[in-house]
Amino acid sequence: MSIDLLNPTDPETTLPPDAGLFRSRAARFEQLAVNHPLGPWLAFLGQLSLAQEQLNVPLAPVPGHGAPCWPAQADTLPADWMTALHALGAWVADHAPDPVRAAIVQLASATPAELTALAARVLADAQGHGEQPTGQDAAARLLVAATLQACWTRWAHQVPAPLPAGGSHCPCCGSAPVASVIQVGAKLGKLRYLHCSLCNTRWYAVRARCTACDSDGKVHYQQLEGGPTGVHAETCDACRSYLKILFLEQDPALDPVADDLASLALDVALGQADHPRNGPNLFLLGTDEA
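So that you can map any letter, position 259 of the sequence shown is 255 in my numbering, and since no number is skipped, the others follow by simple counting.
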């Protein structure tokens, strides 16, 4: 009898977001910003992550059944999310680059219908089928994305038990993963979990299998020479797409959102090799605005 230590028969199906996730992410952004070509932008995203930690939005109780629990759709937006959006803008305004400051002013005068339409576009981004933002829309969508990410992450904290998992989208909110993570520890060590781009839930995924098309045995790890420790891309021969994969054993401080943005050179190289990205990063929306 053989035992596959990398793909056990009874793994934890889902892992809720860590307590203090946004504080830890902010610290990681600050660390990555040092001597980085996108340093000022990464430092701002650290401030944005701290603002996410401070948001306090009343949320509906956990539903009794159904999956995903809180679908990433406009009709499930929390009632006070617009108030939270304006509060977040006020918190980060002093640290924001000019395009983001302009977006804060723009959002303050937007109608509820306009904000709801913007939120719907962001939620489509999270599910992996949004349209590429342009101009000022990118900065506005970044702020909305940060607000909704904070709301859905708080919801994910309320999940009372592990959820059924196994698909390419989050069992908690239905969003696509930003990256996959190879865990560490006695119980989870070397297991792969996909990390949700919206609610920060992690769900179990078999290794050596494409997270987009489910092809088996046709994936390869790619890394730039001299690139960041523990950050790779997993490419698929069948569908040609890729998703970042982070090895916590090599660097326990790795964060799926922050380290993805700090390794955009890898995305550029893979794009030039005709490998499309198959997972969204909601903070990537505003990178060109830095």
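Note that beta-carbon positions come from the ideal geometry of N, C-alpha and C, so glycine has one too.
Give a yes or no on whether 7 Å exceeds the smallest Cβ distance from Glu127 to chain C.
-> No chain C is present in this structure, which holds just one protein chain.
Buried versus exposed, by CB contacts within 10 Å (16 or more), Thr207 = buried
How big is the Cα-Cα spacing for Asp256 and Ile241?
-> 9 Å
Would you call the CB atoms of Ala68 and Leu159 closer than 7 Å?
-> no
Among Lys214, Thr231, Ala120, which one has its Cα closest to the Cα of Arg273?
-> Each of Lys214, Thr231, Ala120 was checked against the Cα of Arg273, and the nearest Cα belongs to Thr231.
Arg188 lies in the alpha helix (DSSP H); which residues open and close that run?
-> No alpha helix (DSSP H) contains Arg188, which is instead part of the beta strand (DSSP E) from 188 to 192.
Alpha carbon to alpha carbon, how far is Gln102 from Gly162? Give it in angstroms, no decimals.
-> Those two C-alpha atoms are separated by around 40 Å.
Check the DSSP bridge columns for Leu242 and list the partner residues they point to.
-> DSSP output for Leu242 lists Val177, Val227 as bridge partner(s).
Measure the Cβ-Cβ separation of Leu38 and Phe18 and say whether it is below 7 Å.
-> no
Member of Ala234, Ser105, Gln128 whose CA lies at the smallest distance from the CA of Asn277 = Gln128
Rounded straight-line distance, which links the Cα of Leu44 to that of Arg203 = Cα to Cα, the separation comes out at about 33 Å.
Report yes if the C-beta distance between His191 and Pro252 is below 7 Å; otherwise report no.
-> With respect to the 7 Å criterion, His191 and Pro252 are classified as neighbours on the basis of their beta carbons.
Which runs of the beta strand (DSSP E), 3 residues or longer, sit entirely within the stretch 117 to 150?
-> none
Grab me the residues of Gly223's own chain with a C-beta within less than 8 Å of its C-beta, minus the 5 sequence neighbours each way, in chain order.
-> Ser259, Ala261, Leu262
Can you name the start and end residues of the beta strand (DSSP E) that Arg198 belongs to?
-> 198 to 200
Return yes when the C-beta of Val180 is under 6 Å from any heavy atom of the ligand FMN, and no when it is not.
-> With respect to the ligand FMN, the structure offers nothing, as it holds no ligand at all.
Who are Thr112's beta bridge partners in DSSP?
-> BP columns for Thr112 are empty, so no partner.
Taking the alpha helix (DSSP H) that His82 falls in, what are its first and last residues?
-> Boundaries of the alpha helix (DSSP H) around His82: 77 to 88.
Using beta-carbon positions only, say whether Leu139 and Ala99 come within less than 7 Å of one another.
-> yes
Buried versus exposed call for Ser105 [16 or more other C-beta atoms within 10 Å across all chains shown] | exposed
Can you tell me whether DSSP reads Val215 as helix, strand or coil?
-> If DSSP states are grouped into helix, strand and coil, Val215 belongs with the strands.
Kindly indicate which three-state DSSP category Thr10 falls into: helix, strand or coil?
-> strand
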